[in-house]
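Student:
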Amino acid sequence: MTIGSIPRYSVAARLLHWIVAALVLATWPLGLMIGFTKKEVSLDFYLVHESLGFLVLWIMLVRVGVKLTSRAPHHDGPIIEQIAAHTVHGLLYLFLILMPVSGFLATNAHGFPLKWFGLVEVWSPIGKTPDIAWTLSGIHAWSAWILLGLFALHIGAVLMHHIIKRDTTLYRII
């Protein structure tokens, strides 16, 4: 079997998948570490975390567009696996959009506008709004943990397909 003979996702879908994966694997731990940094560097951690998160948001919106305009390769398997895969993927998309949106809005609501990578100030749709700041921060934090759980399910399914079932599922996204 060669990869060329396996039905695969479009090049755009594959690239966007791995770019988002890399960005999330950098952004998530960065956000977690902010609480453990010295005050002198915490703003730098925030800047990088928020900037990468905002980038994830825009790439995810492009991913949604690619998903809506290209077909996923057909995959045979038990209906329960197909339902689980669609559910987890849908939730991954949802939380990969909800998390950066809630983080961006929380930062704004706390009174800190985003200056993307220290270069471009991003317009705030809500401005400083202390009444909802902590709610948005809570949504952002919970979204991060839910996303981690979904990521664990996703990786678990990849390992099951690749190591236990020894099928071609992983090759569709490589």
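Per the UniProt record's numbering, the very first residue in the sequence shown carries number 1; after that it's consecutive.
All residues carry an ideal CB built from backbone N, CA and C; glycine is no exception.
1) DSSP on Trp116, reduced to helix/strand/coil?
2) By the DSSP assignment, the alpha helix (DSSP H) with Gly138 in it spans what residues?
3) Say whether the stretch 91 to 107 touches the stretch 44 to 60, bearing in mind that this needs 3 or more beta-carbon pairs closer than 8 Å, one atom from each stretch.
4) Could you name the residues that DSSP lists as bridge partners for Glu81?
5) Taking the alpha helix (DSSP H) that Phe45 belongs to, which residues open and close that run?
6) Buried or exposed for His161, please, with buried defined as at least 16 other CB atoms from any protein chain shown within 10 angstroms of its CB.
7) Among the candidates Ala84, Arg172, Phe36 and Phe104, whose CA atom is the shortest distance from the CA of Pro125?
8) Where does the unbroken alpha helix (DSSP H) through Gly31 begin, and where does it stop?
9) Out of Met33, Trp116, Ala12 and Ile146, point me to the one whose CA is closest to Pro66's CA.
10) Nearest-angstrom Cα distance between Ser51 and Phe95?
11) Mind checking whether Val62 and His154 have CB atoms under 7 Å apart?
Tutor: From the atom records:
1) Within the sequence shown, numbered from 1, the residue matching residue 116 stands at position 116. Assignment of Trp116 by DSSP, reduced to helix, strand and coil, places it in the strand class.
2) As a position in the sequence shown, residue 138 is number 138, starting the count at 1. Segment Pro130 to Leu159, the alpha helix (DSSP H) holding Gly138.
3) yes
4) Here residue 81 refers to the residue found at position 81 when the sequence shown is read from its first residue. Here Glu81 is not bridged, per DSSP, to any residue.
5) Numbered from 1 along the sequence shown, position 45 holds the residue referred to as residue 45. Phe45 -> alpha helix (DSSP H) spans Lys39 to Thr69.
6) Locating residue 161 in the sequence shown gives position 161, where the first residue counts as 1. Buried: at least 16 other Cβ atoms inside 10 Å.
7) Working through the sequence shown from its first residue, we reach residue 125 at position 125. Ranking Ala84, Arg172, Phe36 and Phe104 by Cα distance to Pro125 puts Phe104 first.
8) Taking the first residue of the sequence shown as 1, we reach residue 31 at position 31. Note, Gly31: alpha helix (DSSP H), Val11 to Met33.
9) In the sequence shown, counting from the first residue as 1, residue 66 sits at position 66. Rather than Pro, the amino acid found at residue 66 in this sequence is Val. When only C-alpha atoms are compared, the closest one is Ala12.
10) Start at 1 with the first residue of the sequence shown, and residue 51 comes out as number 51. Start at 1 with the first residue of the sequence shown, and residue 95 comes out as number 95. For Ser51 and Phe95, the distance between alpha carbons rounds to 17 Å.
11) Translated into the one-based positions of the sequence shown, residue 62 becomes position 62. Translated into the one-based positions of the sequence shown, residue 154 becomes position 154. Not a contact, by the Cβ cut-off of 7 Å.
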